[in-house]
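Taking it in order: structure first as structure tokens, then the write-up.
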Amino acid sequence: MSITIAGVSRRFGDFQALSGVNLQVPAGSLTALLGPSGSGKTTLLRIIAGLESADAGQVLFDDRDVTQLAARERGVGFVFQHYALFRHMTVAENIAFGLRVRKAAAADVNQRVQELLRLVRLEGLGQRLPTELSGGQRQRVALARALAVRPQMLLLDEPFGALDARVRQELRGWLRRLHQEMHVTTVFVTHDQEEAFEMADQVVVMNQGRIEQTGSPQQVFDHPATSFVMDFLGNVNVFHGRVTAGRLEAGPIRMAWSGYTQDEPRNATAYVRPHELEIDRHAEATALQATILQVTPAGSLLRVRLLAEGYGVELNVDVVRERADQLQLRPGEQIFVRPKTARVFMPEPEYVI
Amino acid sequence: MHVSGGGGMANGRGLRANGDPLWLRVLLIGMAMAVTGVLIVIPIVYVFVQAFSDGVGAWWSQLTEDPDTRHSVLLTLSVAPTAVLANTIFGLAAAWTLTRFRFRGRLLLLTLLDLPFAVSPVVAGLCILLIYGSQGWLGPWLKQAGVQVVFAWPGLFLATTFVTLPFVARELIPLMESLGADEELAAVSLGAGPWQLFWRVTLPNIRWGLLFGVIQCHARAMGEFGAVKVVSGGISGQTDTMPLRVEKLFQEYNNPGSYAVASVLTIMALATLTAAWALEHWTNRRPTPSGKEH
Numbered sequence: 000m001s002i003t004i005a006g007v008s009r010r011f012g013d014f015q016a017l018s019g020v021n022l023q024v025p026a027g028s029l030t031a032l033l034g035p036s037g038s039g040k041t042t043l044l045r046i047i048a049g050l051e052s053a054d055a056g057q058v059l060f061d062d063r064d065v066t067q068l069a070a071r072e073r074g075v076g077f078v079f080q081h082y083a084l085f086r087h088m089t090v091a092e093n094i095a096f097g098l099r100v101r102k103a104a105a106a107d108v109n110q111r112v113q114e115l116l117r118l119v120r121l122e123g124l125g126q127r128l129p130t131e132l133s134g135g136q137r138q139r140v141a142l143a144r145a146l147a148v149r150p151q152m153l154l155l156d157e158p159f160g161a162l163d164a165r166v167r168q169e170l171r172g173w174l175r176r177l178h179q180e181m182h183v184t185t186v187f188v189t190h191d192q193e194e195a196f197e198m199a200d201q202v203v204v205m206n207q208g209r210i211e212q213t214g215s216p217q218q219v220f221d222h223p224a225t226s227f228v229m230d231f232l233g234n235v236n237v238f239h240g241r242v243t244a245g246r247l248e249a250g251p252i253r254m255a256w257s258g259y260t261q262d263e264p265r266n267a268t269a270y271v272r273p274h275e276l277e278i279d280r281h282a283e284a285t286a287l288q289a290t291i292l293q294v295t296p297a298g299s300l301l302r303v304r305l306l307a308e309g310y311g312v313e314l315n316v317d318v319v320r321e322r323a324d325q326l327q328l329r330p331g332e333q334i335f336v337r338p339k340t341a342r343v344f345m346p347e348p349e350y351v352i
Numbered sequence: 000m001h002v003s004g005g006g007g008m009a010n011g012r013g014l015r016a017n018g019d020p021l022w023l024r025v026l027l028i029g030m031a032m033a034v035t036g037v038l039i040v041i042p043i044v045y046v047f048v049q050a051f052s053d054g055v056g057a058w059w060s061q062l063t064e065d066p067d068t069r070h071s072v073l074l075t076l077s078v079a080p081t082a083v084l085a086n087t088i089f090g091l092a093a094a095w096t097l098t099r100f101r102f103r104g105r106l107l108l109l110t111l112l113d114l115p116f117a118v119s120p121v122v123a124g125l126c127i128l129l130i131y132g133s134q135g136w137l138g139p140w141l142k143q144a145g146v147q148v149v150f151a152w153p154g155l156f157l158a159t160t161f162v163t164l165p166f167v168a169r170e171l172i173p174l175m176e177s178l179g180a181d182e183e184l185a186a187v188s189l190g191a192g193p194w195q196l197f198w199r200v201t202l203p204n205i206r207w208g209l210l211f212g213v214i215q216c217h218a219r220a221m222g223e224f225g226a227v228k229v230v231s232g233g234i235s236g237q238t239d240t241m242p243l244r245v246e247k248l249f250q251e252y253n254n255p256g257s258y259a260v261a262s263v264l265t266i267m268a269l270a271t272l273t274a275a276w277a278l279e280h281w282t283n284r285r286p287t288p289s290g291k292e293h
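This is the structure we're talking about:
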């Protein structure tokens with residue numbers, strides 16, 4: 000079942016949580032709503048679920064307008080960040096809840112509960128209370144509870160936010176596999192870009208109640224539509240400067256940029272990802288001298304933190320292992336660094352009257 | 000906290016109280032005991048001593064042989080539970096409204112809820128008189144309709160309800176605030192209707208708090224004097240509740256009768272208090288409900 004959001008706005012007092020959001024979630028997809036806190040992603044998720052109402056706009060499931068439909072009639076499975084398990088019920092009773100309120104036959108309920116306990120790998124724990132489970136187990140119960148009623152879509156609000164790193168990693172992979180098996184349209188909210196990129200086939204980057212960009216993880220990462228997306232995707236070196244007649248000067252970066260060819264200088268910001276900077280022992284024309292502050296191994300990469308004294312900026316550079324072995328980088332050494340490429344964003348000019 | 004500052008705390012050897020000199024501890028504890036004894040224990044014991052001074056048989060006949068006294072017991076046992084029922088329904092509704100919705104005037108409502116605790120019960124009774132009495136606002140209209148409020152059961156009910164209004168709501172509001180709405184939202188998204196939501200999710204989560212509020216409310220409702228005094232008109236055998244009966248018997252120099260009724264009122268209060276204490280003791284031993292960890 001596909002989801003269409005058309006011009007949805009929501010205001011809480013003086014706070015505009017959502018302003019005119021349009022979004023298409025294809026049937027069977029796994030979509031991430033990614034953004035900082037206060038960007039409106041949770042509000043949007045709750046509006047899709049019917050747990051929050053929109054001031055304006057429409058929500059469509061396939062072609063059906065569900066804007067006025069109550070949450071309990073939308074057939075949506077919702078998973079809360081803090082699980083929201085019924086604390087006075089056992090695990091099995093929690094999972095059975097949705098079926099029991101629909102007056103399903105007891106035998107069917109029991110069978111379905113066993114099925115789901117197997118699915119979330121909690122066989123034998125049906126009689127435990129939620130307080131007797133670990134965080135990861137609780138979140139799996141919450142998922143089983145949401146899936147028990149065979150929802151047409153699954154909505155998850157920061158599902159792994161309250162879990163520790165190892166459990167989070169495990170559950171991500173598990174949820175991804177679960178989605179591949181069931182193909183139920185799934186939308187989850189996260190502020191963790193790694194989580195969004197690892198799990199989703201569509202990433203929606205949100206900021207201040209608006210959608211900044213929608214696309215596949217690859218598209219969003221390689222072709223960020225706005226400076227916010229670039230910034231938010233994180234771990235990026237930012238250089239403020241200006242463009243004049245097709246040339247950019249931003250800190251150490253000097254390069255041709257065809258995005259602006261007029262003679263009047265305009266402010267611009269250049270973004271360079273850590274892997275787009277190259278470290279060398281020898282000076283080159285466009286290279287910039289810097290001192291190594293810190294060297295941290297990170298998997299197949301070496302993370303190097305530099306201080307470019309000439310510009311007073313700190314830089315993050317990722318060096319692949321082979322190259323790092325050649326260079327033998329040590330803190331305190333002087334090296335040269337050169338951007339291979341950069342993305343330039345020009346803010347709208349501020350006219351002064 | 001400064002590690003060097005706390006003395007006893009820093010080396011982890013227990014509470015600061017252990018550092019106070021013995022004489023100070025004995026003095027403070029002794030004073031607390033003395034005040035409690037003089038103000039609370041002695042008067043209550045004295046009520047029982049007086050009530051049973053002529054033996055249990057005399058006490059029993061004081062209670063059962065006077066029809067007006069018998070009526071006062073029944074009246075209290077009908078007015079108080081009805082007021083408690085009304086305040087339970089009101090308290091649930093108020094707590095739900097105030098914790099689950101954010102609206103203009105919410106803080107005002109929260110403050111107004113405490114008004115019955117602040118206003119003197121006599122004033123509350125007077126207000127009822129001024130509104131529903133024969134000279135009052137609604138008096139003529141009520142008279143035409145043939146409904147008597149003041150100097151009758153409805154007046155007693157109104158006065159008692161007003162005075163005990165905040166108990167249940169006050170108990171539930173912080174509880175429901177701390178529980179949060181997530182479980183209820185989860186239930187709704189799973190397809191629960193309003194009644195299923197209340198009976199299966201909300202009520203099980205708040206039952207102990209609710210029961211505690213009801214018990215407190217009931218204890219206060221039985222003992223209410225001031226507001227009820229104003230609206231009752233003191234008609235023996237008709238509008239005298241137990242507290243009013245105690246006073247009336249005392250004014251009529253019937254001390255044994257007065258003490259007998261007072262002792263029953265005290266027993267009822269003590270029973271309620273014991274129930275509340277047992278409940279608190281028991282719920283505190285249960286594992287703290289959680290499911291919300293940050």
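First to last, the protein sequences are chains E and Y. The first sequence runs 0 to 352 under numbering that gives the first Met the number 0. The second sequence runs 0 to 293 under numbering that gives the first Met the number 0. Positions of the beta carbon are idealized from the N, C-alpha and C atoms, including for glycine.
Using a C-beta cutoff of 8 angstroms, does residue i count as contacting chain Y?
| i | result |
| --- | --- |
| Leu-174(E) | no |
| His-190(E) | no |
| Ala-83(E) | yes |
| Val-148(E) | yes |
| Val-208(E) | It should be noted that the sequence gives Gly, not Val, for residue 208(E). By this cut-off, Gly-208(E) is not an interface position. |
| Phe-14(E) | no |
| Ala-164(E) | no |
| Ala-70(E) | yes |
| Val-90(E) | no |
With a threshold of 8 angstroms between beta-carbons, can residue i be considered close to chain E, or not?
| i | result |
| --- | --- |
| Gly-192(Y) | yes |
| Leu-189(Y) | yes |
| Leu-184(Y) | yes |
| Val-146(Y) | no |
| Pro-203(Y) | yes |
| Asp-181(Y) | yes |
| Asn-10(Y) | Model confidence at Asn-10(Y) stands at a pLDDT of 44, short of 50, so the residue's coordinates are unreliable and nothing is read from them. |
| Ala-200(Y) | Here the sequence assigns Val to residue 200(Y), which means Ala is not the residue at that position. Yes, Val-200(Y) lies at the interface with chain E (some Cβ there is under 8 angstroms from its Cβ). |
Could you check what DSSP says for residue i in three-state terms: helix, strand or coil?
| i | result |
| --- | --- |
| Phe-14(E) | strand |
| Gly-18(Y) | helix |
| Tyr-270(E) | strand |
| Val-149(Y) | coil |
| Ala-9(Y) | The predicted model places Ala-9(Y) with a pLDDT of 41, which falls under 50 and marks its position as unreliable, so this point remains unresolved. |
| Glu-114(E) | helix |
| Met-181(E) | helix |
| Gln-206(E) | A small fix is needed here, since residue 206(E) is Asn in this sequence, not Gln. Note: Asn-206(E) maps to strand in three-state DSSP. |
| Gln-168(E) | helix |
| Ile-2(E) | strand |
| Asp-317(E) | strand |
| Lys-291(Y) | Confidence at Lys-291(Y) is low in this model, with a pLDDT of 37, below 50, so the placement of that residue should be treated as unreliable; the coordinate-derived value is given next. Coil, per DSSP. |
| Ile-291(E) | strand |
| Met-198(E) | helix |
| Thr-66(E) | coil |
| Ser-235(Y) | coil |
| Gln-143(Y) | helix |
Identify the continuous alpha helix (DSSP H) that holds residue i and give its terminal residues.
| i | result |
| --- | --- |
| Gly-212(Y) | 202–222 |
| Arg-45(E) | 40–48 |
| Asp-53(Y) | First-last for Asp-53(Y): undefined, no H or E at that position. |
| Phe-220(E) | 216–221 |
Quick one, are the C-beta atoms of residue i and residue j less than 8 angstroms apart?
| i | j | result |
| --- | --- | --- |
| Phe-96(E) | Phe-85(E) | yes |
| Thr-238(Y) | Leu-114(Y) | no |
| Phe-79(E) | Gln-151(E) | no |
| Val-7(E) | Gly-56(E) | yes |
| Ile-4(E) | Val-90(E) | no |
| Thr-159(Y) | Val-78(Y) | yes |
| Val-319(E) | Ser-299(E) | yes |
| Leu-142(E) | Val-119(E) | yes |
| Trp-140(Y) | Leu-129(Y) | no |
| Gly-135(E) | Val-100(E) | no |
| Phe-227(E) | Phe-196(E) | no |
Does at least one heavy atom of the ligand NAD sit under 7 angstroms from the Cβ of residue i?
| i | result |
| --- | --- |
| Phe-102(Y) | In the structure shown, the ligand NAD is absent, as is every other ligand, since no ligand is present at all. |
Item to complete: Could you tell me whether the region 82–90 of chain Y touches the region 244–258 of chain Y, where touching means 3 or more Cβ pairs closer than 8 angstroms?
Response: no
Item to complete: Please determine if the region 336–343 of chain E and the region 272–287 of chain E are in contact, where contact requires at least 3 C-beta pairs separated by less than 8 angstroms.
Response: yes
Practice prompt. Would you check if the region 37–54 of chain E and the region 207–214 of chain E touch, i.e. whether three or more CB-CB distances between them fall below 8 angstroms?
Written response: yes
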